[in-house]
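Since the structure comes first, as structure tokens, the remarks are kept for the end.
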Amino acid sequence: MKKGLNSEQGIEVVPKGQRLLVITTQNIFSENGARSLMRGKARALSEQGVSVKFFCLRFGGVSSKQRAAAGVEVAGTGTSEGWLLRLGVLSDIRATLRTYRPDWVLVSGAWLYLWGDKLGRAISLSGACIAVDLQGPVDEIAEYQRVLGSRFLARLLSRWLGWAEHRFLSRWTHLVETMSGNAVRYLSRHRPRYDGSVCLVKCGFSEAFTDARYASERVAWRKKLGIGADKRAVVFAGTLSGWQNKEALFAFAKKHSSSADKTEVHFFVPRAHHAEVAALGLHNTRTGFLPSAQLQSALCAFDYGLLPREETMTNYFAFPLKVSEYANARLGILVTYREMGWMEGLLARTCIDIDAFPLSEKKLASARLRYEDLRELEFSHMVVGLIKLYGKIRRDLVSSKMEVLARGTRGAFQHAIDIRR
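In the numbering used here, the protein residues as written are 4 to 424.
Here you go:
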């Protein structure tokens, strides 16, 4: 079936006041980067006049408490048992499509590709255009997961999902939304049958700190955290997950642990990881935890942010939330892997090889982004282009549909004349 709009729906292209339904298997209720990107983008779209609702598919379902705390409008929920999307859930999705009547549906989650034709047909018949949220390649499953304890089965699963993804992209998708340049290049190389549009929406933030606010937060938080004026303050914020280069991270802390070294390293990690950091036994290392609402302000107290990552496909695609948070706090970003998806354009300036630490004050100052540069990472700035693309694609599709209908009408009229002759 070719991609297009269902003419029976009487489609009206609305450049403003468009409606977007996000069907996702991701846990939008957690605080990690991908979910924060999804929520931040949704709020920015809403502020620009786009109505955004979510249909959430979660293992075990979604509680009313989670729905209330999400901060976004949830149109519907359903349960999915691993790769199995229940038939009843598909009926619920169709019902949501009928009642909400979205202009666009954003599909987010690799497991949904296995129901690609059923899902694609249901969305297409509702008259909506289809976008895909490509935050990472399905191939990465083989890097960090096992199936029944087997890497071989994990590779087979990733190939199966890759085939299903390619089919869904080529048959049903009008637009791919992704967050890094490497993802765009991957799409052109590995999904050649996809001929639709691509839009880059980075993992940003709601508001860039002005210079005055940054200075105020820096003074206040250095005092709260007890960081001396003569200290070089370095922070790692996040989880000690599998795709972090923990060896390089801990080696850095040990290297700068002497009493003569003026470096102070702070770890803002979940409480479950505190013991692992404490086991290092370093006098210059502090461990703590701050909720995300306070963390962005607290980061202003530091000079450098640690972002050591392994050389994996996951990190090749990645645009971690921490990149934008570090940049907003005017930190130089210490890295170990220099091929990550976010390392281009203005942000490439903030990258510092971890072995080059510490920089001179002049070099560190040149690595910091200015307020004017940071405005480009605000969601409100990034979604403007996305909204225009939504409208353009729908206009083009409706125009092509009308042209086909006009050609058909002219052909039928000519055929009637020929018969009368």
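All residues carry an ideal CB built from backbone N, CA and C; glycine is no exception.
Since the model is a prediction, treat every value here as computed from it, not as a measurement.
DSSP lists Phe58 and Val110 as the bridge partner or partners of Ile26.
Runs of the alpha helix (DSSP H) lying entirely within the stretch 281 to 358, each at least 4 residues long, are 295 to 301, 316 to 320 and 324 to 331 in chain order. In the DSSP annotation of this structure, the continuous segment of the beta strand (DSSP E) that includes Ser200 starts and ends at Ser200 to Leu203. Looking from the CA of Trp166, the closest CA among Leu350, Val187, His193 and Phe360 belongs to His193. Taking a C-beta distance under 9 Å as the contact criterion, Ala47 and Ser183 do not qualify as a contact pair.
The beta carbons of Arg162 and Gly119 sit no closer together than 9 Å.
Membership of Glu220 in the alpha helix (DSSP H) is indicated by the continuous run Asp214 to Leu228. In this structure, Arg312 and Gly335 do not form a Cβ contact; the two beta carbons are roughly 16 Å apart against a cut-off of 8 Å. If you draw a 10 Å sphere on the C-beta of His259, you find 16 or more other C-beta atoms in it, and that means buried.
Taking the CA atoms as reference points, Ser200 sits about 6 Å from Val179. Looking at the backbone, the Cα of Leu109 and that of Phe171 are separated by about 13 Å. Under a 10 Å Cβ-count criterion, Arg42 is classified as buried, with 16 or more other Cβ atoms of the shown protein chains found around its own Cβ. Contact annotation: His177 and Cys132 have beta-carbon atoms nearer than 9 Å. With 16 or more other Cβ atoms from the protein chains shown falling within 10 Å of its own Cβ, Arg397 counts as buried. Contact annotation: Leu228 and Ala186 have beta-carbon atoms that are not nearer than 9 Å. For Trp224, same chain residues with a beta-carbon under 7 Å away, outside a window of 5 residues either side, are Ser300, Ala301, Cys303 and Ala304 in chain order. Note that the stretch 211 to 218 touches the stretch 371 to 381; at least 3 beta-carbon pairs, one per stretch, sit closer than 8 Å. Bridge partners of His269 according to DSSP: Val238 and Arg289.
Shown here, Thr176 sits in coil according to DSSP, grouped into three states, outside any helix or strand. Residue environment for Thr102: exposed (fewer than 16 other C-beta atoms within 10 angstroms of its C-beta). Distances from the CA of Ala256 to each of Ala232, Arg216, Thr288 and Ala240 were compared; the closest alpha carbon is that of Thr288. Taking Tyr319 as reference, the option from Lys44, Ala218, Ala254 and Glu146 with the minimal CA-CA separation is Glu146. Going by C-alpha positions, Val135 is about 6 Å away from Ser111. For Leu377, the enclosing alpha helix (DSSP H) stretches over residues Tyr374 to Leu377. Going by beta carbons, Tyr116 and Val92 fall outside the 9 Å limit.
In the DSSP assignment, the residues bridged to Ala134 are Leu109 and Leu178. In this chain, the alpha helix (DSSP H) harbouring Glu364 covers Glu364 to Ala370. Here the C-alpha atom of Arg104 lies approximately 33 Å from the C-alpha atom of Tyr189.
Between Val222 and His269, the beta carbon gap of about 17 Å keeps them out of contact (Cβ cut-off 8 Å). Secondary structure note for Tyr189: its alpha helix (DSSP H) is the uninterrupted segment Gly184 to His193.
The C-alpha of Thr181 is placed about 23 Å away from the C-alpha of Arg124. In the DSSP assignment, Glu381 is bridged to Phe208. Between Ala332 and Gly348, the CB-CB gap reaches or exceeds 9 Å.
Within the model, the alpha-carbon separation for Cys354 versus Leu60 is close to 37 Å. For Asp233 and Leu324, the gap between their C-alpha atoms comes out near 29 Å. Rounded to the nearest whole angstrom, the CA to CA distance from Gly52 to Lys366 is 42 Å.
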